[in-house]
Each structure stands twice: as C-alpha cells, then as structure tokens.
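Engineer: Position 196, counted from 1, in the sequence shown is what my numbering calls 442; the numbers after and before it change by one each time, with no gaps. Heads up, the beta-carbon is just placed ideally off N, CA and C, and yes, glycines get one too.
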Amino acid sequence: MSPQSIIQQTVDFVKATLAEAEGGHDWWHIQRVWNLSKHIAETEEVDLFVVELGALLHDIADSKFQGGDEEIGPKKAREFLEGLEVPKDTIDHVEQIVRNISFKGGKVAQSFKTPELDVVQDADRLDAIGAIGVARTFNYGGHKGRELYNPNIAPNLNMTKEEYKKSTAPTINHFYEKLLLLKDRMNTKTGRKMAEHRHRYMEGFLEEFYGEWNGER
247 MSPQSIIQQT
257 VDFVKATLAE
267 AEGGHDWWHI
277 QRVWNLSKHI
287 AETEEVDLFV
297 VELGALLHDI
307 ADSKFQGGDE
317 EIGPKKAREF
327 LEGLEVPKDT
337 IDHVEQIVRN
347 ISFKGGKVAQ
357 SFKTPELDVV
367 QDADRLDAIG
377 AIGVARTFNY
387 GGHKGRELYN
397 PNIAPNLNMT
407 KEEYKKSTAP
417 TINHFYEKLL
427 LLKDRMNTKT
437 GRKMAEHRHR
447 YMEGFLEEFY
457 GEWNGER
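#1: Could you give the first and the last residue of the continuous alpha helix (DSSP H) run that contains Gln277?
#2: Using only alpha-carbon positions, find the residue among Thr414, His339, Arg382 and Ala377 that is nearest to Tyr395.
#3: How many Å lie between Ile318 and Leu302 at the Cα?
#4: To the nearest angstrom, report how far apart Glu283 and Glu298 are at their CA atoms.
#5: Counting along the chain, where does the alpha helix (DSSP H) carrying Gly376 start and finish?
#6: In three-state terms, what does DSSP make of Asp305?
#7: Between the alpha carbons of Tyr447 and Gly376, how many angstroms are there, rounded?
#8: To the nearest angstrom, report how far apart Lys322 and Asp305 are at their CA atoms.
#9: Can you give me the C-alpha to C-alpha distance between Leu426 and Pro333, rounded to a whole angstrom?
#10: With H, G and I counted as helix, E and B as strand and the rest as coil, what does DSSP make of Gly270?
#11: For Glu462, does the three-state DSSP call read helix, strand or coil?
#12: Cβ of Gly437 within 9 Å of Cβ of Val380?
#13: At the level of alpha carbons, what is the spacing between Glu423 and Leu330?
#14: Nearest to Asn433 by alpha carbon, out of Tyr386, Ile378 and Ala369?
#15: So what's Asn396 in DSSP terms, helix, strand or just coil?
#16: Whose CA, out of Pro361, Arg382 and Met405, lies closest to the CA of Val292?
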C-alpha cells in the first residue's frame, strides 16, 4: 500500500472515530494540527510520513476523554497501523509520538524526543494558543462545567502530573497553568515564530478580559 493511500485511510479512520468528539478535540483540530505539521516540516529534516501519521493520530483517544488512561491512544494508533501493514519502525515511532505529545503539567519533563515529535508537538501546541486556543479553552471549560474565572482561586504553577490531570480550576487559570507557558517550550524555529504571534494575542485577550471583568472598559 502506498504512503498516500495509508494517509488517506488514516484520515478516514480519524474522521469516523472523532465524529462525536468535543469541539476542541474533533476532526477539525486534527486537520489544523496536520496542516501545521506539514508547514513546520518544510524547514525541518524529518520523515514526513511519520510526521503526518503522528499528527493525524495524536488525539485518536485523548486521555482526558478516556478516564485519564494514557495508553488507550497509543494502543489504538498501533492497532490501526498494524492493520494497514505499516512498517514496524514507523509504527513504533508514531506510537511514541502519540504517547509523548501532550503537555502533562509544568513540572513534568519529557523523556522521548525526535525531530518528528518536535514538529507534531509544536503544531499541537500552536493549536492550543492564539485565537483558536482561546476558543478551544473556553469550549472545553464549558464542556466540563467550569467557572469562567474566580478571583479567589489562584492559578497553581507547581502542579504534579496527577494534580494537573484532576484540576477543576476556572478556565482563566488554564492560561497561566499551560497556555502562556507554551511559547517557551516550542521546539522548532517556525514553531517559535508562530507562537510569538499567538502568545501576544492571548496576552491582549487577558488584558481585555480583566478590564471588562472589573467594569473598566
């Protein structure tokens, strides 16, 4: 089976699997990350086939929607690719991308690293910030029934991995606990440049939010 055919079958599989997904983690999120990954890969020395498969499958079973189980996504990606008889080394690489792509809290170090993961991770992080990031953050907060903002609940910048996974803090806190940290965690030159622009947008959004919250604007 040709790489192009495998990519198309992966697209079809992901679209079907995520047909009922929450709006911030649906097919459109995958498509944006896929497109961003291909754009970033243009200036990186990577295996584009691995990058594309990693981007398409990175959220095939996000642990947030699987009771916190971080193994379902990698397992599902592996089983799908094995069904297409993709080479084992490619499957192993994609599985590691799916397992290691996510932000797990500010104190958690990443143990696996390759240029292909760098690209897909930057693309995924870019989709978590900027205007799209703001929209996704409040969409997920609404999905979980969280407060928009509570001045009496301060952001926790020193959460463990488990604390981060279990957090029920107001949505605004998520900007400080994750989104505003991502600019300095980008891996590639293209990713860093794009993140600067999106980061500035979020800073402007927060300034406007607090001004309106306090009745000053």
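Structural biologist: Checking against the coordinates, here is how it stands:
#1: That run of the alpha helix (DSSP H) goes Trp273 to Ala287.
#2: That would be Thr414, whose Cα lies nearest to the Cα of Tyr395.
#3: Cα to Cα, Ile318 sits roughly 16 Å from Leu302.
#4: The amino acid at residue 283 is misidentified as Glu; the sequence shows Ser. Taking the straight line from one Cα to the other gives about 7 Å.
#5: Residues Gly376 to His389.
#6: Note: Asp305 maps to coil in three-state DSSP.
#7: For Tyr447 and Gly376, the gap between their C-alpha atoms comes out near 6 Å.
#8: Straight-line Cα distance between these residues: approximately 10 Å.
#9: Leu426 and Pro333 have their C-alpha atoms spaced approximately 38 Å apart.
#10: Coil, per DSSP.
#11: Of the three classes helix, strand and coil, the one that applies to Glu462 here is coil, per DSSP.
#12: Going by beta carbons, Gly437 and Val380 fall outside the 9 Å limit.
#13: Cα-Cα distance, rounded: 39 Å.
#14: Measuring from the Cα of Asn433, the nearest candidate turns out to be Ala369.
#15: Here Asn396 sits in coil by DSSP.
#16: When Pro361, Arg382 and Met405 are compared, the shortest CA-CA separation from Val292 is found for Pro361.
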